Amino acid sequence: MSSSRDFVRFLLPVVVLAAGIALWELVVRVNDIQPYVLPGPSAVFQTLVADWPVLSESLGVTLLTTLEGFIAAAIGGVALALLFNQSKWLEYSLFPYAVILQVTPVIAIAPLLLIYLQQQTAVIVCAWIVAFFPVLSNTTLGLNSVDRNLAGLFSLYGASRLQTLRYLKLPAALPYILGGLRIAGGLSLIGAVVAEIAAGTAGAGSGLAFRIAESGYRLNIPRMFAALLLLSVAGIVIYGLLALISHLVLRRWHESALRKEN
Amino acid sequence: MAGPALSEADAMAVRLGAVTKVYDNGVAALGPLDLDVRRGEFVSLLGPSGCGKSTALRLIAGLTTPSSGVVGVSRRANETRAGHAIGFVFQEPTLMPWASVQDNVRLPLKLAGMPATEADRRISEALAQVALSEFATAYPRELSGGMKMRVSLARALVTRPDILLMDEPFAALDEITRFRLNNDLLELWRKLNMTVIFVTHSVFESVYLSQRVVVMSSRPGRVSAEFRIDTPEPRVEDFRMSASYAAYCREVSQALVPSYSELTSA
Chain E
1088 MSSSRDFVRF
1098 LLPVVVLAAG
1108 IALWELVVRV
1118 NDIQPYVLPG
1128 PSAVFQTLVA
1138 DWPVLSESLG
1148 VTLLTTLEGF
1158 IAAAIGGVAL
1168 ALLFNQSKWL
1178 EYSLFPYAVI
1188 LQVTPVIAIA
1198 PLLLIYLQQQ
1208 TAVIVCAWIV
1218 AFFPVLSNTT
1228 LGLNSVDRNL
1238 AGLFSLYGAS
1248 RLQTLRYLKL
1258 PAALPYILGG
1268 LRIAGGLSLI
1278 GAVVAEIAAG
1288 TAGAGSGLAF
1298 RIAESGYRLN
1308 IPRMFAALLL
1318 LSVAGIVIYG
1328 LLALISHLVL
1338 RRWHESALRK
1348 EN
Chain L
88 MAGPALSEAD
98 AMAVRLGAVT
108 KVYDNGVAAL
118 GPLDLDVRRG
128 EFVSLLGPSG
138 CGKSTALRLI
148 AGLTTPSSGV
158 VGVSRRANET
168 RAGHAIGFVF
178 QEPTLMPWAS
188 VQDNVRLPLK
198 LAGMPATEAD
208 RRISEALAQV
218 ALSEFATAYP
228 RELSGGMKMR
238 VSLARALVTR
248 PDILLMDEPF
258 AALDEITRFR
268 LNNDLLELWR
278 KLNMTVIFVT
288 HSVFESVYLS
298 QRVVVMSSRP
308 GRVSAEFRID
318 TPEPRVEDFR
328 MSASYAAYCR
338 EVSQALVPSY
348 SELTSA
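Here the protein sequences line up with chains E and L, keeping their order. Here the first sequence is numbered in the working numbering, starting from 1088 and rising by one per residue. Here the second sequence is numbered in the working numbering, starting from 88 and rising by one per residue.
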């Protein structure tokens, strides 16, 4: 019962994808639409294969930026949350600015950053700005969600601040932190892409987003689609990897990772 | 810790003198409350919910401070943190869900920085005491409610405490499990020579377990009656079926009635 249901859940999106691609190809062929207006899926795929050397190099650049931004966001977000948790003064002083940084659209900040920072640094900073906030706010929520009685137990046994943090607060916050990281993974890709596009118009860069902008100017529409496809797949893979890590870490104890009883 | 600690030579394990507790919002939760508990005694605090009996327990444990009065708790002459004199069992098992049974029991020893080999020995001893040795590597979610409570008890016992404080520990369990844990607790108490202060709202549980039942009235919580339960030791299931048990229960229940009528009139 449940396995056949799992199968249907897996099958349906695949069927929809296949149908969509078939319909797309059909529309392009029947109406004889030119590739510089709308390329069919087959044309996109051919471009992907033919341009692989260029595209794969750009993919590598974008992924590296994303990874650097993500790591910076993970470390920065968790570290800030820990500092805020230890000192209320620090939290009151700085938290509003973290919110401001989050609500200001990064696409508007990117050109400014490109003026003051080296391009590669600016791109990473962009990825960091977009991605660190969910890590910060989730970690803060997690650190504040400690069971009251467990906290009482720690104080009964004379636990130091550091012990309470290490053995109680951090493990209790772990599911929240992992949830924040899952969001941050996708967001750092977005941050990297936004910064690349901003930088690309300034005339440099070789990431996937730059390829998209460049292909747009050259009316190389199939390559735009191919690059977009790669970005999309990269996003899915990043999300999947982080979800997998989260599942592996939490599977022994956390509700979210447990199998439902039937 | 408020007040002077009782010396090791003192016959009292716990001494509360005119203790009151007023919360920040102005609610008088407790007192003035006087309570003396002898070493090795098994005392129950019995009363309706919200009568301050849990507050009294938290005061003794040092989890909260009194607004006035003196809290005296006997300490060991050379108390180390690994030999913490007080064990506390909460109403919920209060286990760390991310840690295995043995790591949960290990907590007080780890916080005290005890070497792993000695800690391991103590942990297996404590788990054996609550008959959970086979479940050392299980996770809390894999255990039943009664087993989780046993883990909680083992964690309290692992420091070999002189005083065991229990805050309605079996309230959420089914009758049969509760009876079994009652018997296990009595056996441990006899074997380990501990002082036990047991908070409950069950007349039957308090009479079955304790040498002395302290009935509390509410808002603010005070002692309204005290009963000595004299029955041949060791107590076993037969006591539950005996006429004297029923008589004690009736007597204690009657003493408890005014506490409840105050609540409804309030």
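Idealized CB from N, CA, C, for every residue including glycine. On a predicted model such as this, the values are computed, not experimentally measured, just so you know.
In chain order, what residues of the same chain lie with their CB nearer than 8 Å to the CB of residue i, ignoring the 5 residues before and after it?
i	result
E/L1315	I1299
L/D249	A100, R126, S161, R163, A172, I173, M281 and T282
Going along chain E, which residues have a C-beta under 7 Å from residue i?
i	result
L/A148	L1243
L/M253	Result: empty, since nearest Cβ-Cβ is about 13 Å, beyond 7 Å.
L/F257	Here the premise fails: no neighbours, minimum Cβ distance about 16 Å.
L/F177	N1236
Assuming residue i and residue j are in contact, meaning their beta carbons sit under 8 Å apart, how far apart are those beta carbons, in whole angstroms?
i	j	result
E/V1165	E/V1222	6 Å
E/A1218	E/F1157	6 Å
L/V302	L/S231	So it is not a contact: roughly 32 Å between Cβ atoms.
E/T1134	E/P1309	4 Å
L/P153	L/T107	6 Å
On the three-state DSSP scale, how would you describe residue i?
i	result
L/D254	strand
E/L1169	helix
E/S1333	helix
E/G1290	Its pLDDT being 47, under 50, E/G1290 is placed unreliably by the model, and the measurement read from it follows with that caveat. E/G1290: coil per DSSP, three-state reduction.
L/F177	coil
L/G118	strand
L/E313	strand
L/I284	strand
L/L103	strand
L/L260	coil
L/Q341	helix
L/A89	Its pLDDT being 41, under 50, L/A89 is placed unreliably in this model, and the value from its coordinates should be taken loosely. Of the three classes helix, strand and coil, the one that applies to L/A89 here is coil, per DSSP.
L/L133	strand
E/M1311	helix
L/R247	coil
L/D123	strand
L/R242	helix
L/G113	coil
L/V63	Only positions 88 to 353 of chain L appear in the structure, and residue 63 of chain L is not among them; the question remains open.
L/S304	strand
Within the same chain, show all residues whose beta-carbon is closer than 7 Å to that of residue i, passing over the 5 residues directly before and after it, in chain order.
i	result
L/T318	F326 and S331
E/A1289	Because the pLDDT of E/A1289 is 49, which lies under 50, any placement of that residue in the model is unreliable, and the number read from its coordinates should be weighed accordingly. Closer than 7 Å at the Cβ level, and outside the excluded window around E/A1289, lie L1201.
L/V290	L133, C336, V339, S340 and L343
E/V1233	L1255, K1256 and A1259
Applying a beta-carbon distance threshold of less than 7 Å, which residues of chain L neighbour residue i?
i	result
E/Q1250	L198
E/G1267	Neighbours of E/G1267 on chain L: none; closest Cβ ~17 Å, over 7 Å.
E/A1246	L198
E/G1229	In chain order: nothing, as chain L lies at least about 12 Å away.
E/G1239	L150
Taking 6 Å as the limit between beta carbons, can you name the residues of its chain near residue i, skipping five residues before and five after?
i	result
E/F1220	Q1189
E/G1294	S1145, V1148, T1149 and E1283
L/F222	V188
L/L268	F257
L/P180	K235, M236 and S239
Please list the partners that residue i has in chain L, where partner means a Cβ-to-Cβ separation under 8 Å.
i	result
E/D1234	T181
E/L1335	Under the 8 Å cutoff, chain L gives no residues; its nearest Cβ is about 14 Å from E/L1335.
E/P1258	M183, W185 and A186
Could you list which residues in chain E have their beta carbon closer than 8 Å to that of residue i, in chain order?
i	result
L/P195	Y1244
L/P184	W1340 and H1341
How would you list, in chain order, the residues of chain E whose beta-carbon sits under 9 Å from the beta-carbon of residue i?
i	result
L/F285	Chain E residues near L/F285: none, gap ~17 Å exceeds 9 Å.
- Query: What residues in the stretch 1307-1319 of chain E have a beta carbon less than 8 Å from any beta carbon of chain L?
  - Reply: none
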